[in-house]
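Single-structure report; data block below.
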Amino acid sequence: MKKLIILFLAVCSLWLLSCEEIPPVINPIDPNPGGGEVQRNVLVEEYTGVRCVNCPAGSEALQALINIYGERLVVVSFHAGFFAPPYSESKFDLRTADGDNLLNFLGSPLGYPAAVVNRKLFDSEPRLQLGQGQWPGYIAQEIAIAPKVKVELQRNYNDANRQLNLTVNLEILETLDATDVRLSVALTEDDIEDVQLTPTGKQADYKHKHVLRDMLSNFDGNPLTESLSVGAKIAKNFTYTIPADWNADKCKLVAFVHIGGDKKDVLQVAQVKVIQ
Amino acid sequence: MKPILCIIPILLLVNQLFAQNNPQISGSLETNANFFIRDSTIGAANTPQYDRQLYGGEAWLNLAYSNWGFDFILRFDLFNNSNLLNPTGSYSDEGIGRWFINKKINKLGISAGYIYDQIGSGIIFRAYEERPLLIDNALYGLRLSYDLAPDWQIKAFTGRQKQQFDTYNSIIKGLNIEGFLTLGDSTGGVALAPGFGILNRTLDDNSMNSLVATLNTYPKDDIFEPKYNAYAFSLYNTLTAGPVSWYLEAAYKTKDPINTGIIIQEPGSVLYSSISYAKSGLGITLEAKRTENFTFRTRPQAQANQGFVNFLPPMARVNTYRLPSRYNAATQELGELAFQADIRYLYNKDWTFNINVSNITNLDDELLYREIYTEIGYKYKREWSILGGVQFQNYNQEVYEFKPGVPNVQTVTPFAEFLYKFDRTKALRIEAQAMFTGEDKSVELRQDYGSWLFGLAEFSIAPHWTFTASDMYNVKAGRNSPVNENGEKLNIHYPRFDIYYTYRSNRFSLSYVKQVEGVVCAGGICRLEPAFSGVKMTVNSTF
């Protein structure tokens, strides 16, 4: 037995001796990166709700990341699920049919706030939905990947009849092998002033950001049936009339190319204000 | 996991070859079926089950087979639109949830598959299952044990932690030695049961890459060099001397990235002690625990109750009555200083007394939880018995339920239970409870959901039938109680009706349940569950 105890202690010692490890390299992000002509942008779809007390903190965390990445980080916040029903004193019901569809399509998170980054199921993650502490890492990971598609938005907005004409120009930078590739277009509105539950109670003048108002495409995207070989150029047109009670000055158009089916990865996203 | 199915025909074949052995097979079945009835008023709405799925269920079928010195375990798990993993979501999957083989060859024990085990009280390592919260932290790997002496054993294990039907990628390995020795003569002497354990968790590359990418976004002052390897050590001992038993465990964890909202890297420690005295109808247990930065997960990104490598013992009474169990103190891994005292006294065969006091603060001396629980029981022959008491609680809802800005919930909860036996088979049990909550002065309303009344009547006809009817009534609505369309607080009834039927080792239940939002705990691990409205069915069987 003494021999075995000595062996036990020896193994313990070996463990302690092998404590030295080579640490990973930390390279703080440059907020103004250079790089090639076309850069990869990242789409963050945030689950939120007016009854979610912790969601304002999530929104602030996303704003901090937008301050780092600028226009390369595109956020769409959809009000859906358990925390989304409006209060009796709410001015608006920020839920949309497309938001509900997206909740079902992407799946419910374990808790709010949560977000999906580029609709990607990251290694070791059991689900698409990520908690607030996970966003920076996966955004940084995704933004470093070279884009396969270039997305450009051209819009024309008529303030008189509130009609919006949008052309989404796609250029395939790397042949896409996936059989089901789709284009989604969303309309979001910033700074909608309405009630939100916060840590200090209900705040009537809370400014909701990046609120999904509607999808100009199908909620799960319009299939791209054209050739997706390198160099291919595709243009897709959309028209939409912005409802009178939405503030067009605060509206943005978000277009993203993504894979359809079980794998939902977003390949590229671009965003433009309705009124520049 | 499908190749494991090949084991079954192999077992059958081998069984034929060694038919002279004495095989033993046993098993158990546990099934839950929930039918969801939308009730927006109480918040039972806006989940996939209430909106469109209408049904959700889970089942576990466990088979254990022993022969030729081997133990085999095989378990089939099924989840259909289940809300157990995520109370506001839906989870569907099915397959082999566990397989396990164990063989003892002289002094060497070999185990492989999904292993449940722990070191000491689990502070540095515990692989376990808590089905009510769908925690299944089995270690998928290999374990070797060796009997150094009749009372001394050493074991080593390595593997990865189970994650539903998959595994996490981080590697866990551990070493544990424990034994038993007596000082003095074997009858009246002192006995010691010491142990020592080491655990190592090595982060996988993907987890580290994600962690590094997160750190890259941090301000310079918050950046650190993350460690792949975290080591935890635990030294523990149980000393028994006559009626006194004293358990002491000290654990230390090396620097490890932990998620506190932002990710930091700090060492952690736990000091836990429990001393108990039991003699002549008197039982006293005193416990103390100090915890600092002892979150230990397979990866720092793991959320909620996912990926725990260890288990920290809870330090508050586990209450069973409906209202006294409404507020529970979940273990705080980042910082907690907790004390608990429990005194039980059996005056004679008719009278029993119990007092339990617990006090939990964080390391800055902010009160997290305080409970004073008293209970007196009296039994009259075999005809009837009565039990009553009162509980006082002070519960930091802001910390335990992540509801920033709300005050501590203070409650006074008297309770009573009366059991009357009509004859040898028929009995009636009645429970009555009332919970009075303090005032939230910021909104001039009662705290949380306010005050409650609860009543229960249970009629049983042994050995088969039990009928239960209960109601929980929000007699004085509070800050978080539901409101009507005009914003007025509602006083809502939450009724429940159950029928249980037991036939030998089979048990069936059918329940109509309307249940308020609350914290559900299993073994000190807790989570906030939304309200429930619907019908529940269960079938449980052992064979």
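If you read the protein sequences in the order shown, they are chains A and B. In terms of this note's numbering, the first sequence opens at residue 1 and continues consecutively. In terms of this note's numbering, the second sequence opens at residue 277 and continues consecutively. By construction, the Cβ of each residue, glycine as well, lies at the ideal position given by its N, Cα and C atoms. In this text, all values refer to a predicted model and were calculated from it rather than measured experimentally.
Practice problem: Can you give me the Cβ contacts of B/I706 inside the same chain, cut-off strictly under 6 Å, excluding the 5 residues immediately before and after it? | Solution: F694 and A733
Quiz item: Roughly how many angstroms lie between the CA atoms of B/D834 and B/I540, to the nearest whole one?
Solution: One cannot answer for residue 834 of chain B here, as it falls past the ends of chain B, which runs 277 to 819.
Practice problem: Decide if the region 99-115 of chain A is in contact with the region 251-263 of chain A; the criterion is three or more beta carbon pairs, one per stretch, under 8 Å apart. | Solution: no
Quiz item: Quick one: what's got a C-beta closer than 6 Å to B/V688's C-beta in the same chain, skipping five residues either side?
Solution: F668 and F712
Quiz item: What's the gap between the Cα of A/V272 and the Cα of B/P758?
Solution: 41 Å
Quiz item: According to DSSP, what are the bridge partners of B/T458?
Solution: B/A467
Quiz item: Residues bridged to B/H769 by DSSP?
Solution: B/Y749
Quiz item: Alpha carbon to alpha carbon, what distance is there between B/I631 and B/G319?
Solution: 36 Å
Quiz item: If you check the beta carbons only, do B/G763 and B/G726 fall under 7 Å apart?
Solution: no
Quiz item: Is there a Cβ from chain A that is less than 7 Å from the Cβ of B/A580?
Solution: yes
Practice problem: Count the other C-beta atoms from every protein chain shown that fall within 10 angstroms of the C-beta of B/R593, then say buried if there are 16 or more, exposed otherwise. | Solution: buried
Exercise. Check each residue of the region 476-493 of chain B: if its Cβ is closer than 8 Å to any Cβ of chain A, include it; give the result in chain order.
Key: N476, D480, N482, S483, M484, N485, S486, L487, V488, A489, T490, L491, N492 and T493
Self-check item: Endpoints, the beta strand (DSSP E) within which B/S550 is located
Solution: I539 to K555
Self-check item: Proximity to B/E501 [Cα-Cα], best of B/T701, B/M484 and B/Y512
Solution: B/M484
Quiz item: Are A/P85 and A/Q268 touching if we call contact CB-CB under 7 Å?
Solution: no
Quiz item: What residues of chain A sit near B/K679, judged by a beta carbon separation below 7 Å?
Solution: V53
Quiz item: If you draw a straight line from the C-alpha of A/V141 to the C-alpha of A/N118, how long is it?
Solution: One point to set straight first is that residue 141 of chain A is Gln, not Val, in the sequence displayed. If you take the alpha carbons of A/Q141 and A/N118, they lie about 11 Å apart.
Exercise. Taking only the alpha-carbon atoms, compute the straight-line gap between B/K697 and B/A703 and give it to the nearest angstrom.
Key: 4 Å
Quiz item: Given that B/R419 touches chain A, what residues does it touch there, using C-beta distances under 9 Å?
Solution: Going along chain A, no residue has its Cβ under 9 Å from B/R419, so there is no contact; the nearest lies around 15 Å.
Quiz item: Where do the ends of the beta strand (DSSP E) carrying B/M813 lie?
Solution: F808 to T818
Self-check item: Test: A/L110 CB closer than 7 Å to a CB of chain B
Solution: yes
Practice problem: Would you tell me roughly how many angstroms separate the C-alpha atoms of A/F82 and B/E563, rounded to the nearest one? | Solution: 39 Å
Self-check item: B/M748 versus B/L599: straight-line alpha-carbon distance, rounded
Solution: 9 Å
Quiz item: Nearest-angstrom Cα distance between A/E287 and A/R155?
Solution: Outside the modelled stretch of chain A, which goes from 1 to 276, sits residue 287 of chain A, for which no answer is possible.
Self-check item: Rounded C-alpha distance that separates B/W336 from B/K717
Solution: 48 Å
Quiz item: So, helix, strand or coil for A/Y240, using DSSP?
Solution: strand
Quiz item: Does A/Q226 have its Cβ less than 7 Å from a Cβ in chain B?
Solution: What sits at residue 226 of chain A in the sequence shown is Glu, not Gln. No, no contact with chain B.
Quiz prompt | 7 Å Cβ cutoff, A/A140 in contact with chain B | solution = yes
Quiz prompt | Three-state class that DSSP yields for A/P56 in the structure shown | solution = helix
Self-check item: Residue-chain proximity (B/N756, chain A), Cβ-Cβ < 7 Å
Solution: no
Exercise. Apply the 10 Å Cβ neighbour rule to A/L103 and answer buried if 16 or more other Cβ atoms are within range, or exposed otherwise.
Key: buried
Quiz prompt | Proximity below 7 Å, CB of B/I474 to CB of B/F441 | solution = no
Self-check item: Residue from B/A580, B/L451, B/G385 and B/P426 with nearest C-alpha to B/L410
Solution: B/A580
Quiz item: Taking Cβ positions only, does B/G371 come closer than 7 Å to chain A?
Solution: no
Quiz item: Counting only beta-carbon atoms, is A/N67 nearer than 7 Å to chain B?
Solution: no
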